Structures are given as structure tokens and as C-alpha cells.
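S.K.: Residue numbers (the working numbering): 46 to 379.
By construction, the Cβ of each residue, glycine as well, lies at the ideal position given by its N, Cα and C atoms.
Since the model is a prediction, treat every value here as computed from it, not as a measurement.
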Amino acid sequence: MSDCSERCDTTLRDGIVQAERGISSPEGLKWTLYRKMLQIRRVEESLLQLFTRGILFGTVHTCIGQEPCGVGVTQALEPATDVVWSNHRGHGHYLAFTGDLQGLISEILGKASGACGGIGGSQHLHNRNIYTNGILGGTLPCAAGCAFAEKFKKTGGIVTVFFGDGAFGEGVVYETFNVASLWGLPILFVLEDNGYAQSTPKALEHAGEISRRAESFNIPITRLEADHAVSVWQTASGIVREIRRNQRPQLLALQTYRLAPHSKGDDNRDPQELEAHWAADPLKRHRQELAAEDAPRLEQLEQEVGEEIQRCIDFAINDKPMETAHFLKYVDQG
Ligand SMILES: Cc1ncc(C[n+]2csc(CCOP(=O)(O)OP(=O)(O)O)c2C)c(N)n1
Ligand SMILES: [Mg+2]
46 MSDCSERCDT TLRDGIVQAE RGISSPEGLK WTLYRKMLQI RRVEESLLQL
96 FTRGILFGTV HTCIGQEPCG VGVTQALEPA TDVVWSNHRG HGHYLAFTGD
146 LQGLISEILG KASGACGGIG GSQHLHNRNI YTNGILGGTL PCAAGCAFAE
196 KFKKTGGIVT VFFGDGAFGE GVVYETFNVA SLWGLPILFV LEDNGYAQST
246 PKALEHAGEI SRRAESFNIP ITRLEADHAV SVWQTASGIV REIRRNQRPQ
296 LLALQTYRLA PHSKGDDNRD PQELEAHWAA DPLKRHRQEL AAEDAPRLEQ
346 LEQEVGEEIQ RCIDFAINDK PMETAHFLKY VDQG
């Protein structure tokens, strides 16, 4: 994978430079955040199309509608030193944090140029300081371990872990809250509460207000409607500063909504409910604000985003498939 990691690092640096450019002014930031959200939306729409065309296999969980969460929170982090853990719905977190478009698309298509050489796929993304895994709740203790390491090594880095409302059904979440609070770990728990775990509405699964459960572990909670990437960034920035300073965990509970099916075609939600949420699509709202500011700039941005994605898809489709030989060394040959 040496070629791949070289290329990924270059893309990662490009992503960081772009992010730094965007943050130089609040106005620039709004454009940067929109570019990231749009890139995520268009990539995931393309993935669904590739699946329909039989070019893409396996599972794909999109974050369509939830983009302000990953984009706003990761913009508040230090891309070089902080660590991110994400779950089965991790494409957006990965793209927003790394900017590694080619690595993501190739990875999901199972190609050698993927971030993990194509072997990890949609749910097992890794690039330097970001890790994703589909085991619900299982990422939280891993994130706590990383946070312990950052604290122990005095790197100044903090760890962010994204998880959904469904993960609150896993006991390991509470064990992690306990240890994180007891040991004073620099960790930001980000709950993306979209009201459903696959096809189960939250009210059928959880008693009480789930985010309040962190209170009994002495973990401060901030609740926010994640309908605008700028407000998510603003809130997350304040929390990140506090965690860096006092080396204590916090929970950011984001209210959000998944506009697309859980995975690909599996959706049993009320069509009227869906329609109402599509009307409040945070990407559309953000776009309207920018269109009023500078329509030609917006048009150019959208064209660039679309072309870049198409180039990466074409490259991935023509790339060689993942090479499995080097992984077989871990297989017991006896
Ligand atoms: C330990 C475990 N149990 C079951 C699953 C199957 N599963 C995948 S996603 C999901 C629902 C997740 O809901 P939530 O945490 O709210 O995240 P969302 O999909 O809404 O983003 C389930 C049950 C899993 N991946 N891991
Ligand atoms: Mg959920």
C-alpha cells in the first residue's frame, strides 16, 4: 500500500490547506463548509447510483441530510493532531476531516487506490488519524483508549467519536462514559440523534431522554439542532477549546435527520414525515444563502465539486482491484 499512502497523504494535506484557507474569514468559512457538505452529498448520491448500476457492491450508509454534523464538528478540530472515530455512517466524517476524495471513492469500490487499499470498504475507513467501524457502540472504548494515549503522551490532541442514538442500547457506551469521566479523558462524544436505529423509532427503543444519561457520569451535555453547519462549527469550537484546556470529556448531542434510507432501499418511515424534512434540507438552505451572496461563485463551486467527483469515480473504476496477498500473511496457514 505504499503508493496509496503517499497519494493519500498528499490529498490529506490539500484538504488541510483548503480548510485553513476557509477559516480565515467567517464569510470564507461559510463557503468552505458548503463545499464540504456538497461534496459529501454528491459523493453519496453517486455511490447509490453506482450501486444501482451494479458497479458497487456491499453496504453503503449515507449521511444525506446529516452533513452539518460531520462538517461542522470536524472543522473545529486540528486536522494534524486530533483523532476522529466514526461509525457505519462515516463517509461524511471521513471526507470532511481528511479531504481524501479519491481514497474514499476507491476504497468503497474495492480498488487498490483506496484509503485502505480497498480491503476495508465503506465501514472500515482509515487514514492517519481517523478510524471508522460498523460495530455499534464498539468505537467508543477504542476512542477512549486513543484519548488516554493522547493525554499520556501530552500531545495536546483530543479525540472525537461520532455515534448514533441506536448506540445507546449498547452497555459499552456507559462503561466508556464512566472511564472517560473517571480518568479525565480529552474526548468529545458526538451523538447524531436522527431519531431512528435502522427502522426502529427512538421512542420504541429508549426510555427517557438519552443524552441526559451522560449527566450521571458528570459529563457536560450541549444540545443543538444541527440544521446549519456554521452553528455546529461554532458550538463545537467552544467545546473543543474547553476539552483541550481542562482535559475532560463532553457530550455534544446533535438533533438531526437522515433524509435517505438507512442503507439503500430500506425505508419504512411515513412519507409525509420525509417530505417535511426534505423541505428543510440543510444543504438547500445553506445554498440559498450563498446564492443570494454570489450566484456566479456558487455556480463555479458546484461545477468544480461535480467534476472532481467524476474524475475520482472514473479513476477508481479503471483502477486495479484490491490486492489481498499481503493480508494473507495474517491467515493461519496450518
Ligand atoms: C453491535 C451491533 N449490533 C447491530 C448492528 C446492526 N446495525 C447497523 S446500523 C444499526 C442502527 C444504528 O442506529 P444509530 O446508532 O441510531 O445510527 P444511525 O444508523 O441512525 O446513523 C444497527 C442496529 C451493528 N452494526 N452492530
Ligand atoms: Mg439513529
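In angstroms, rounded to a whole number, what distance separates the CA positions of R66 and Y79?
M.R.: With a pLDDT of 38 at R66, under the threshold of 50, the modelled position of this residue cannot be trusted, and the question is left open.
S.K.: Taking the alpha-carbon of S256 as reference, which of P231, G214 and V285 has the nearest alpha-carbon?
M.R.: Nearest of P231, G214 and V285 to S256, Cα basis: G214.
S.K.: Am I right that L185 and T221 are in contact with their C-beta atoms under 8 angstroms? What's the rounded C-beta distance?
M.R.: Right, the Cβ-Cβ distance comes to about 4 angstroms (below 8 angstroms), so this counts as a contact.
S.K.: Any idea what DSSP makes of G73, helix, strand or coil?
M.R.: If DSSP states are grouped into helix, strand and coil, G73 belongs with the helices.
S.K.: Cα-Cα, which of S151, K374, R173 and I100 is closest to V128?
M.R.: Nearest C-alpha to V128: R173.
S.K.: Could you tell me whether any non-hydrogen atom of ligand 2 is closer than 6 angstroms to the CB of N132?
M.R.: Checking the Cβ of N132 against ligand 2 gives no.
S.K.: By the three-class DSSP mapping on this structure, what secondary structure does G67 have?
M.R.: With a pLDDT of only 43 at G67, under the threshold of 50, the placement of this residue in the model should not be trusted; the figure read from the coordinates follows. Three-state result, G67: helix.
S.K.: Determine the closest residue to P113 out of W76, R293 and I100, with distance taken between C-alpha atoms.
M.R.: Closest by alpha carbon: W76.
S.K.: Which same chain residues, not among the five before or five after L299, have their C-beta less than 6 angstroms away from its C-beta?
M.R.: Correct list, in chain order: C114, E237, L269 and A271.
S.K.: Alpha carbon to alpha carbon, how far is V204 from E195? Give it in angstroms, no decimals.
M.R.: Distance between the alpha carbons of E195 and V204: 8 angstroms.
S.K.: What distance in whole Å lies between the Cβ atoms of G103 and G166, which are believed to be in contact at a cut-off of 8 angstroms?
M.R.: Indeed, because the Cβ distance is near 6 angstroms, the residues count as touching under 8 angstroms.
S.K.: Please name the residue, chosen from R314, G155 and Q120, that lies closest to Q243 on a Cα-to-Cα basis.
M.R.: Of the candidates R314, G155 and Q120, the one whose C-alpha sits nearest the C-alpha of Q243 is R314.
S.K.: When the Cβ atoms of the segment 356 to 372 are set against those of the segment 147 to 157, are three or more pairs found closer than 8 angstroms?
M.R.: Taking 8 angstroms as the limit for Cβ pairs, the verdict is that the segment 147 to 157 does touch the segment 356 to 372.
S.K.: Since T126 and G202 should fall inside the 8 angstroms C-beta cutoff, what is the C-beta to C-beta distance between them, to a whole number of angstroms?
M.R.: Correct: roughly 4 angstroms between the Cβ atoms.
S.K.: With burial defined as no fewer than 16 other Cβ atoms inside 10 Å of the residue's Cβ, what is the status of D210: buried or exposed?
M.R.: Under this definition D210 is a buried residue.
S.K.: Quick one, are the C-beta atoms of A281 and G110 less than 7 angstroms apart?
M.R.: Result no, Cβ atoms of A281 and G110 do not sit closer than 7 angstroms.
S.K.: CA-CA distance, I68 and W278?
M.R.: Bear in mind that the predicted position of I68 carries a pLDDT of just 48, short of 50, making it too unreliable to give a figure here.
S.K.: Which term fits N132, buried or exposed, when burial requires 16 or more other beta carbons within 10 angstroms of its beta carbon?
M.R.: Buried: at least 16 other Cβ atoms inside 10 Å.
S.K.: Name, in chain order, the residues that DSSP records as bridge partners for Y241.
M.R.: In DSSP, Y241 forms a bridge with P246.
S.K.: Thinking I24 and I164 are a contact (beta carbons under 8 angstroms), I'd like their distance in whole angstroms, please.
M.R.: Limits of the chain in this structure are 46 at one end and 379 at the other, which puts residue 24 out of reach.
S.K.: CB-CB under 8 angstroms to Q292, same chain, minus the five flanking residues each way: which ones, in chain order?
M.R.: Here the set comprises K196, G229, L230 and P231.
S.K.: Which residues does DSSP pair with F96 in a beta bridge?
M.R.: Beta-bridge pairing links F96 to no other residue.
S.K.: At a cut-off of 6 angstroms, would you count A242 as near ligand 2, judging by its Cβ distance to the nearest heavy atom?
M.R.: Indeed, a heavy atom of ligand 2 lies less than 6 angstroms from the Cβ.
S.K.: For the beta strand (DSSP E) holding T301, just list the boundary residues, first then last.
M.R.: Where T301 is concerned, there is no enclosing beta strand (DSSP E), given that its DSSP letter is neither H nor E.
S.K.: Just verifying my parser: in three-state terms, what is the DSSP assignment at N363?
M.R.: Residue state, collapsed to three classes: helix.
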